[in-house]
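**Q**
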Amino acid sequence: MIPLNKKRSIWQRLHLDLPLLIALMAMMVASLAIVYSASGQDSAMMVRHATRMFGAVLGMFILAQFSPNTLKSMVIPLYCVGLLMLVGVLLFGVSSKGAQRWLDLGVTRFQPSELMKIAVPMMVAWYIGRNHLPPRVIHLIIGFAIVMVPTVLIKEQPDLGTSILIASSGIFVLFLSGLSWRLIGFFSATIALAAWPFWHYGMHDYQRQRVLTFLDPESDPLGSGYHIIQSKIAIGSGGIEGKGWLQGTQSQLEFLPERHTDFIFSVLSEEFGLFGVCLLLCMYLFIIGRGLYIAVNAQDAFGKLLAGALTLTFFVYVFVNIGMVSGLLPVVGVPLPLISYGGTSMVTLMAGFGIIMSIATDKRMLLK
Amino acid sequence: MRKHRPTIRDHSAEANLFARRAFVGFVFVTLLIGVLLSNLYNIQVIDHQDYQTRSNDNRIKVIPIAPNRGLIYDRNGVLLAENKPVYNLEVIPEDVDDLDKALTAVQQIIDISEQQKADFLDDIKHNRRFKSQVLKSRLNETEVAKFSVNQHKFPGFSIEARLARYYPYGDTLTHALGYVAKLNKKELTKLEAEDQATNYRATHDIGKLGIEKYYEELLHGMVGSQRVEVNNRGRVIRTLSLTPPEPGHDLVLTLDIGLQQIAQHALKDMRGAVVVLDAKDGGVLALYSNPSYDPNLFVHGISSKDYKELLNPDRPLINRTTQGRYAPASTVKPHMAILALEEGLVTEQTQIWDPGFFQIPNVEHKWRDWRRWGHGHVDVYKAIEESCDTYFYDVAYRLGITKISDFMTQFGFGELSGIDIHEETTAIMPSKEWKEARFRESWWRGDTISVGIGQGYWTATPMQIANATNILVNRGLDHPPHLVQVAKKENEVTQINNEEKPPVVLKNPHHWQIALDAMHNTVHKVTGTAHKAFKGATYDPAGKTGTAQVVSIAQGERYDAKSLKERQRDNAIYIGFAPYNDPQIVVSVVVENTGGGSTVGAPIARQLMDYYFSANPIQTAQSDAP
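So the protein lines, in turn, are chains C and U. First residue of the first sequence: 3, per the working numbering; consecutive thereafter. First residue of the second sequence: 8, per the working numbering; consecutive thereafter.
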């Protein structure tokens, strides 16, 4: 606990958590370097990337200024608006690459599923946190419904990656709230049993194909297995020390697909080797550890649950992305958090960290 | 679950519960990161070598580079076959956004037929999208310029240059040079069997005919290669190493393009063949078969319309010099005379009486002389000079087919001349065995009679006739005919075709002189059949005319050119050499269905000799002739 008499530091006044901030900044610098290499040294792309980073950091900073209580009051409208927009996307959305994920707002295009990445854990955390922990069965069922409605809507777009992220963020809240291990075991068994009908009726052909080629990528080396094979070649050829920055042949010669977005981890592995990979994973572990530390020390149940769920969801990004590009998991479109090029996910992630920082610094204000 | 829930929240209990769960979460996270790391360790450390190799296979490509095909020159260094750059409009489909739109736009600039467009669309369907495909081949300069100006509007379209064979003399040399054309599947299979497929990796064309085919191996050269780094679309990023190709050998022919042109000019629109040999070494100075065709048509793939036109009754595709089978007719009379002298059937002085026909004793059938009233008393000289048939009917009858056949085979009749092109036939030197095998019939004495004047079953190619004459004028020395003199590569010159065949040896070498003198008289005596054609020649020629029946004339009927169909009229033949005392060239001329060895054949030989001796004046002016 922070001593009461100690003067509040500049960082506390700015509602920023210094260790987390340093770690995030370090990741962004690394991101700039890797995207520069992955884009084939495209400086125009660098400028766009840096601009978005700046916007994302600004968003984080602004969100950090809201107190958790203010956030609580915004939960219901945010969730409802998000839900409406998801329905809107399915009805009037703009298609891109075979999926309908965007709402055209005239001035800009907006992806409502990104909003839900924040709104869903907030809503569940607020709902579960209102009551005693561990939650009662009825609260669990309602909490689960709060998670599943947007999850199913997003899966229909179709966007499997995001729906997994949103489902896990909600389920993490339930887990952290003290969901009994017996129930966890029961749900796990149910999911395992449900997997079979889901495989047959719940997935699109292209998703099934991805899973199949994931199981045996060499079966279709020029078709859908191509991505995984090329990615593994990039990672494997990097070895322990890597080929050196800007020297990765798989990425520089464009054998690697989606180099600067979903497959950026392969670029990093090729150019910096196992050494760079370890460093990256340590950074992630530190960020996750710090996020959980903040969650444990949060002032109320809402803060604890939200900070914890956002942190663990951040890990889901890491695990799904790295698992996917290294051939452990099927290919689902999840970016490598804080490293991949792309504004939307960066903004959402940083917004999450803004909320975590708000929770981190709020405690001290109350104790004052 | 607890039944009685306290109304006041136990914050510290909740905090503890949460802390436990967060800790479990963190442990879980650490474990999963461990799983990721162990998998990455497997890929990056354990299987590193394998992936390293596959990464190199990805990026390093070996691009074969075609060697430049050797050039072909005539004996005086005139270029006969060269390599010229051609420009093709090629497209990489992957790099084109809207192919239909782009094609329509290109058609506004360059004329592209619907057929070319359809072929192109078919090609891209059957190939990977990053592979360049030819939209239009052989652009002319205007088209190249027009497209280059608009190049920036067509990403994915480019003009590519490569070397293609070009024959500046067109149809003058087709039957000697042959041509190259696109390598086909059958040839590729053959190259694979010969372990040559790698050498042809970058090669588009292969020799199909003539010298181009015969000397394919020398002309082609060795493929080179370039190790390059490529990106995923196969575009070359940089060259890692280069092994330059080794160009093919240049060939210098024995042909004289000037003489060749004279031959073409002299034959005009008559069907026929001309062979001129260098009497000293058997080198072919001219080899021309009429009608001919433009070999350049075949280099880029002949259109079916053009090809159909070549399948006309005049058969331009046939090389008449080596594939045309003609009765050698009276041109073999000197050889026949030598055989008769050697066998002692006649002597220099022996005379026979020619009433205008020959009859086998006790047989009704009359073998007619070309002069219906006969030549009177005939000795061996007169028999050759005036081309008396009866004399040789008699000689042949007495020699019998086996002796004739054995002797004539030594002069190359019925055998491949060994000329260095593959398009050759042995023609027929008849024998008892041959007739048995061919017709399952035994040889009749009567069959031998017309063989005596080079008719009957006997056929020969103009090349064989020239070769037999060459052996005769060299008094038995046999220099096999050939087209290529030397192969050159940089400064290294290789002599080819200098082998000799065993000579024809006579019991009495004076018999050569008798035959050659008679051929000399044929041109110089007023009664000689070639006298008129060579009047006023500045060199000293000798020769022998021949007029070959294409159909046999019934007993008691006369040959009347007008009453016969064009294709049944006689062939005109002439063999000649000059100068008489030291022969430098040997000429053989065959003209189809014009009749008149002396009126059609000999004047063509005259033109060839006139040209040759004006271009190559005789150094030591000495002549036995008056």
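Every residue, glycine too, gets a C-beta built ideally from N, C-alpha and C.
Are the C-beta atoms of VAL154(C) and some chain U residue less than 9 Å apart?
**A** Residue numbering aside, residue 154(C) sits at position 152 when the first sequence is read from its first letter. No, its Cβ sits nowhere closer than 9 Å to a Cβ of chain U.
**Q** To the nearest angstrom, report how far apart ASN63(U) and ALA236(C) are at their CA atoms.
**A** Position 56 of the second sequence, counting from 1, holds the residue named residue 63(U). Position 234 of the first sequence, counting from 1, holds the residue named residue 236(C). Distance between the alpha carbons of ASN63(U) and ALA236(C) is about 11 Å.
**Q** Chain C beta carbons: is any one of them nearer than 9 Å to that of ALA26(U)?
**A** For the purposes of this step, residue 26(U) is taken as residue 19 along the second sequence, with counting starting at 1. Interface residue, yes.
**Q** Could one say the Cβ of ASN24(C) lies closer than 9 Å to chain U's Cβ atoms, at least one of them?
**A** Mapped onto the first sequence, residue 24(C) falls at position 22. Strictly speaking, residue 24(C) in this sequence is Ile, with Asn absent from that position. False, the Cβ-Cβ gap to chain U never drops below 9 Å.
**Q** Going along chain U in order, which residues have a C-beta closer than 7 Å to the C-beta of THR251(C)?
**A** Sequence index remark: in the first sequence, residue 251(C) carries index 249 (1-based). Within chain U, the residues near THR251(C) are SER62 and ARG66.
**Q** I'd like to know whether the C-beta of LEU39(U) is nearer than 9 Å to at least one C-beta of chain C.
**A** Position 32 of the second sequence, counted from the start, is the residue given in the question as residue 39(U). Output row for LEU39(U): interface = yes.
**Q** Using a C-beta cutoff of 9 Å, does GLN59(U) count as contacting chain C?
**A** Residue numbering aside, residue 59(U) sits at position 52 when the second sequence is read from its first letter. Judged by the 9 Å Cβ criterion, GLN59(U) is in contact with chain C.
**Q** Going by DSSP, which residues form a beta bridge with HIS384(U)?
**A** Working through the second sequence from its first residue, we reach residue 384(U) at position 377. HIS384(U) is bridged to TRP360(U).
**Q** Using only alpha-carbon positions, find the residue among GLY535(U), VAL281(U), GLY425(U) and ASP285(U) that is nearest to PRO298(U).
**A** Here residue 298(U) is taken as the residue at index 291 of the second sequence, counted from 1. When each option's Cα is compared against that of PRO298(U), the closest is VAL281(U).
**Q** Between VAL91(C) and ARG103(C), which are expected to be in contact by the criterion C-beta below 8 Å, what is the C-beta distance as a whole number of angstroms?
**A** As a position in the first sequence, residue 91(C) is number 89, starting the count at 1. As a position in the first sequence, residue 103(C) is number 101, starting the count at 1. 7 Å between Cβ atoms; contact.
**Q** Applying the 10 Å Cβ sphere with the 16-neighbour rule, what's the burial state of ASP107(U)?
**A** Position 100 of the second sequence, counted from the first residue, corresponds to residue 107(U). Exposed, by the Cβ-count rule.
**Q** Looking at the secondary structure, which residues open and close the alpha helix (DSSP H) in which PRO71(U) lies?
**A** Position 64 of the second sequence, counting from 1, holds the residue named residue 71(U). No alpha helix (DSSP H) contains PRO71(U), which is instead part of the beta strand (DSSP E) from 67–72.
**Q** LEU226(U) and LEU258(U): beta carbons closer than 9 Å?
**A** Here residue 226(U) is taken as the residue at index 219 of the second sequence, counted from 1. Here residue 258(U) is taken as the residue at index 251 of the second sequence, counted from 1. Contact flag set, yes.
**Q** Going by Cα to Cα distance, which pick from TYR319(C), ILE143(C) and PHE355(C) is closest to TYR129(C)?
**A** The residue labelled residue 129(C) in the question sits at position 127 within the first sequence. Ranking the options by Cα distance to TYR129(C), first place goes to ILE143(C).
**Q** Closer than 9 Å, CB to CB, is ALA280(U) near chain C or not?
**A** Residue mapping note: residue 280(U) aligns to position 273 of the second sequence, counting from 1. With 9 Å as the cut-off, ALA280(U) does not count as an interface residue toward chain C.
**Q** Run through DSSP, which three-state label would ALA434(U) get?
**A** Translated into positions along the second sequence, residue 434(U) becomes position 427. Three-state DSSP puts ALA434(U) in coil, outside helix and strand.
**Q** Please return the same chain residues whose Cβ sits closer than 6 Å to the Cβ of ILE264(U), not counting the five positions on each side in sequence.
**A** Start at 1 with the first residue of the second sequence, and residue 264(U) comes out as number 257. Same-chain partners within the cutoff: ASP81 and VAL85.
**Q** Identify which residue in LEU615(U), LEU490(U), ASN303(U) and ASP589(U) has its Cα closest to the Cα of VAL93(U).
**A** In the second sequence, counting from the first residue as 1, residue 93(U) sits at position 86. Of LEU615(U), LEU490(U), ASN303(U) and ASP589(U), the residue nearest in Cα terms is ASN303(U).
**Q** Can you tell me whether LEU639(U) is buried or exposed? The criterion is at least 16 other CB atoms within 10 Å of its CB, across all chains shown.
**A** For residue 639(U) there is no data in the structure shown, the boundaries of chain U being 8 and 633.
**Q** In whole angstroms, what is the alpha-carbon distance linking LEU26(C) and HIS133(U)?
**A** Counting from one through the first sequence, the residue named residue 26(C) turns up at place 24. Counting from one through the second sequence, the residue named residue 133(U) turns up at place 126. Distance between the alpha carbons of LEU26(C) and HIS133(U): 51 Å.
**Q** Below 8 Å between beta carbons is the criterion; list the residues of the segment 113–147 of chain C that meet it against any residue of chain U, in chain order.
**A** Listed in sequence order: HIS134, LEU135, PRO136, ARG138 and VAL139.
**Q** DSSP three-state label for SER232(U), please.
**A** As a working mapping, residue 232(U) is identified with position 225 in the second sequence. Of the three classes helix, strand and coil, the one that applies to SER232(U) here is strand, per DSSP.
**Q** Going by the beta-carbon positions, is the gap between GLN233(U) and ILE99(U) smaller than 9 Å?
**A** In the second sequence, residue 233(U) corresponds to position 226, counting from 1. In the second sequence, residue 99(U) corresponds to position 92, counting from 1. Their beta carbons are not under 9 Å apart, which means GLN233(U) does not touch ILE99(U) by this criterion.
**Q** Which of the three DSSP states, helix, strand or coil, is assigned to VAL156(U)?
**A** Residue 156(U) sits at position 149 when you count from the first residue of the second sequence. Three-state DSSP puts VAL156(U) in a helix.
**Q** Between the alpha carbons of SER360(C) and LEU294(C), how many angstroms are there, rounded?
**A** Position 358 of the first sequence, counted from the start, is the residue given in the question as residue 360(C). Position 292 of the first sequence, counted from the start, is the residue given in the question as residue 294(C). In a straight line, the C-alpha of SER360(C) is about 14 Å away from that of LEU294(C).
**Q** Return the bridge partner residues of PHE365(U) from the DSSP annotation.
**A** The residue you call residue 365(U) lines up with position 358 of the second sequence. TRP374(U).
**Q** Which residues share a DSSP beta bridge with GLU167(U)?
**A** Within the second sequence, numbered from 1, the residue matching residue 167(U) stands at position 160. Paired residues: ASN95(U).
**Q** Can you confirm whether GLY163(U), when its beta carbon is compared against all beta carbons of chain C, has any partner nearer than 9 Å?
**A** Position 156 of the second sequence, counting from 1, holds the residue named residue 163(U). Not closer than 9 Å to any Cβ of chain C, the Cβ of GLY163(U) fails to qualify, so no.
**Q** At a CB distance below 7 Å, what residues from the segment 37–63 of chain C approach chain U? Give them in sequence order.
**A** Flagged: no residues at all.
**Q** Would you report the Cα separation of LEU146(U) and GLY240(C), rounded to the nearest angstrom?
**A** Here residue 146(U) corresponds to residue number 139 of the second sequence, with the count starting at 1. Here residue 240(C) corresponds to residue number 238 of the first sequence, with the count starting at 1. Approximately 47 Å, taken between the alpha carbons.
**Q** Report the rounded CA-to-CA distance for LEU167(C) versus LEU34(C), giving the unit in angstroms.
**A** Mapped onto the first sequence, residue 167(C) falls at position 165. Mapped onto the first sequence, residue 34(C) falls at position 32. Distance between the alpha carbons of LEU167(C) and LEU34(C): 25 Å.
**Q** I'd like to know whether the C-beta of LEU146(U) is nearer than 9 Å to at least one C-beta of chain C.
**A** On the second sequence, position 139 is the one that residue 146(U) refers to. For LEU146(U), the answer is no, since every Cβ of chain C falls outside 9 Å of its Cβ.
**Q** What does ILE50(U) touch in chain C if you count any residue whose Cβ is under 7 Å from its own?
**A** The count along the second sequence starts at 1 and reaches residue 50(U) at position 43. LYS234, ILE237, GLY238 and SER328, listed in chain order.
**Q** Would VAL594(U) pass as a contact of ILE582(U) if the rule is Cβ separation under 9 Å?
**A** Within the second sequence, numbered from 1, the residue matching residue 594(U) stands at position 587. Within the second sequence, numbered from 1, the residue matching residue 582(U) stands at position 575. In contact: VAL594(U) and ILE582(U) (Cβ atoms closer than 9 Å).
**Q** Cβ of MET415(U) within 9 Å of Cβ of MET436(U)?
**A** As a position in the second sequence, residue 415(U) is number 408, starting the count at 1. As a position in the second sequence, residue 436(U) is number 429, starting the count at 1. It is a contact, given that the beta carbons lie within the stated cut-off.
**Q** How would you write the range of the beta strand (DSSP E) that ILE592(U) sits in, first residue to last?
**A** Position 585 of the second sequence holds residue 592(U). ILE592(U) -> beta strand (DSSP E) spans 592–598.
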